Amino acid sequence: MPEGHTLHGLARDLNAAFAGTSPQVTSPQGKFAEGAALLDGRKVLEASAWGKHLFVEFEADAWLHVHLGLIGKLSILPRGEGVPPVQGQVRLRLLTDDHVADLRGPNLCAVVTPEHVEGVTARLGPDPLRPDPDSETAWKRVSRSNRSIAELLMDQSVVAGIGNVYRCELLYRHRVDPFRPGREVRRATWDAMWQDICELMPLGLAAGQILTMPDQVEDAKAALAAGEPVVPGERRYMVYRRAQEPCRVCGSKVRTRVVAGRNLFWCGRCQRRR
DNA sequence: ACAGTATGGAGAT
DNA sequence: TCTCCCTACTGTG
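Here it is, written out as structure tokens:
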């Protein structure tokens, strides 16, 4: 679930539900009992995201730092009558009269200082979902690296927020050879990929779903431009998780191999550009 | 019941 | 490059 658009959506939803309130903070599972006690009853100032990191600023310089990792989930729901029953392993629960947020399976959930937050964000590359992300910084890292572009796109210090789905799909959309070293990628190619990801991720945020299929992207862009809600549709991708299936353009079998610790999917015939 | 998988990342080797 | 952590769901026996 969690690539950058997910975390930005959660920050947005946390703000809508909790900004300005002083929620009860608990750790039903117990693994975050100390941190929960520290935050309990404090006022929430603002939630924000940088890449896949989620921060919630509470009053008096206490920040909640969450990273969902591969399997973490955060649900934010309006609260009905009574206290919603705890289901499964809930590391952290925020509760007000109106809302309940449950965090399960995070890679990281900690109370940290403002300095710590600065340290974390300083190590992250530009995030296409933050205002004025700096493409040049990312390009410098890419163009000076011997590592493959498929590895570089997964490196959060190069671009923050891209995960395996956006990586596979972005490379495919631009017909880029995933194994080409960063220093051999053309400037024009990078610029086009950067511009594309800067459009795709806001669509993903608006839809609550990664959209990379040309028809879905077009519909979403039109809806966004018209000020209409972007409705999530069928989960379809160009190459992601389509190993052995025919490429939607040329029909040759989609290939897969582990790159940077995740399964890369690509079309060996369509993706030859640099 | 158990194995395998998942949109991630840190730390050891 | 490997190993481990976190949770839930799917497929297999």
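Under the numbering used here, the residue at position 161 of the first sequence is numbered 147, and the numbers go up by one with no gaps. Note that CB positions come from ideal geometry on N, CA and C, so glycine has one too. Small disclaimer: the values here were computed from a predicted structure and weren't measured.
Compare the C-alpha of residue i against each of the options and name the closest.
i	options	result
residue 84	159, 5, 14 and 53	5
residue 104	51, 209, 60 and 257	51
residue 176	202, 129, 188 and 18	129
residue 20	113, 149, 77 and 202	77
residue 29	15, 44, 17 and 22	44
residue 166	109, 74, 257 and 107	257
residue 74	107, 68 and 58	58
residue 142	169, 109, 117 and 119	109
residue 185	95, 118 and 107	118
residue 26	107, 97 and 213	97
residue 56	215, 151, 222 and 106	151
residue 42	208, 226, 173 and 95	95
residue 0	63, 15, 22 and 16	63
Hey, residue i and residue j are a contact pair by Cβ (cut 8 Å); roughly how many whole angstroms apart?
i	j	result
residue 158	residue 252	6 Å
residue 79	residue 12	5 Å
residue 147	residue 114	6 Å
residue 210	residue 189	7 Å
residue 65	residue 86	5 Å
From residue i to residue j, what distance separates their C-alpha atoms?
i	j	result
residue 99	residue 233	48 Å
residue 121	residue 182	12 Å
residue 224	residue 132	27 Å
residue 72	residue 88	8 Å
residue 205	residue 199	10 Å
residue 40	residue 236	40 Å
residue 250	residue 187	19 Å
residue 18	residue 46	20 Å
residue 101	residue 24	18 Å
residue 227	residue 154	9 Å
residue 168	residue 126	10 Å
residue 15	residue 106	26 Å
residue 212	residue 164	35 Å
Residues in its own chain within less than 6 Å of residue i by CB, not counting five upstream and five downstream?
i	result
residue 239	230
residue 145	111 and 124
residue 9	80, 81 and 82
residue 60	-4 and 89
residue 67	none
residue 261	Only positions -13 to 260 of the chain appear in the structure, and residue 261 is not among them; the question remains open.
Is residue i close to the ligand SAH? I mean its beta-carbon at under 7 Å from any heavy atom of the ligand.
i	result
residue 133	Absence of the ligand SAH from the depicted structure is noted, as is the absence of any ligand whatsoever, leaving it without description.
If I measure Cβ to Cβ from residue i and keep anything under 8 Å in the same chain, skipping five residues before and after, which residues do I get?
i	result
residue 254	238 and 241
residue 160	175, 178, 179, 182 and 259
residue 171	128, 129, 135, 162 and 260
residue 54	-13, -12, -8, -7, 38, 40, 60, 91, 92 and 93
residue 222	199 and 202
residue 217	193 and 209
Using C-beta distances below 7 Å, list every residue in its chain close to residue i, excluding the 5 sequence neighbours before and after it, in chain order.
i	result
residue 219	202
Inset, instruction - Would you check if the segment 129 to 142 and the segment 233 to 250 touch, i.e. whether three or more CB-CB distances between them fall below 8 Å? - result: Contact between the segment 233 to 250 and the segment 129 to 142 is present, because at least three Cβ pairs lie under 8 Å.
Inset, instruction - Take every Cβ of the segment -13 to 6, pair it with every Cβ of the segment 32 to 51, and state whether three or more of those distances are shorter than 8 Å. - result: In short, these stretches touch, since the Cβ pair count reaches three.
Legend entry - Cβ contact check for the segment 181 to 194 and the segment -10 to 0: 3 or more pairs under 8 Å: Note that the segment 181 to 194 touches the segment -10 to 0; at least 3 beta-carbon pairs, one per stretch, sit closer than 8 Å.
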